[in-house]
Amino acid sequence: MADNPLFLFFTMTEKFSDHLTATGAYPQKFVLNLAQHDTYLRDVALFNAGRQRPLDPALHMGIRIEIDAASPGVMVASDGTQVLLLG
Numbered sequence: 249m250a251d252n253p254l255f256l257f258f259t260m261t262e263k264f265s266d267h268l269t270a271t272g273a274y275p276q277k278f279v280l281n282l283a284q285h286d287t288y289l290r291d292v293a294l295f296n297a298g299r300q301r302p303l304d305p306a307l308h309m310g311i312r313i314e315i316d317a318a319s320p321g322v323m324v325a326s327d328g329t330q331v332l333l334l335g
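The numbering of the sequence shown is my numbering, which starts it at 249 and goes up by one.
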């Protein structure tokens, strides 16, 4: 993953889109571990390059990002179910 720029960013976008399509609701949040958060910040910086209106790295598609060192990296669905981001 670390060698694949924007992989985590696009994976999070896909999980969000799938959830929104299936439920019609926004997920509660994303929870990333420290390494994933570093990767996400790198991805946001790459995505923001050349944009007039940069993305807020604290949110992904309007959904807050929480950092938890013990997390495997999940999206918390609207019903509280945890959806693994990678793997």
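Virtual Cβ for every residue (Gly too), placed ideally from N, Cα, C.
- In the DSSP assignment, K277 is bridged to V324.
- Cβ neighbours of Q330 within its own chain (closer than 7 Å, five residues either side excluded): V322 and V324.
- DSSP places Q284 in the uninterrupted alpha helix (DSSP H) bounded by L282 to N296.
- Note on geometry: alpha-carbon atoms of Q300 and T261 lie some 21 Å from one another.
- In this structure L280 touches I313 by the C-beta definition: roughly 6 Å separates them, less than 8 Å.
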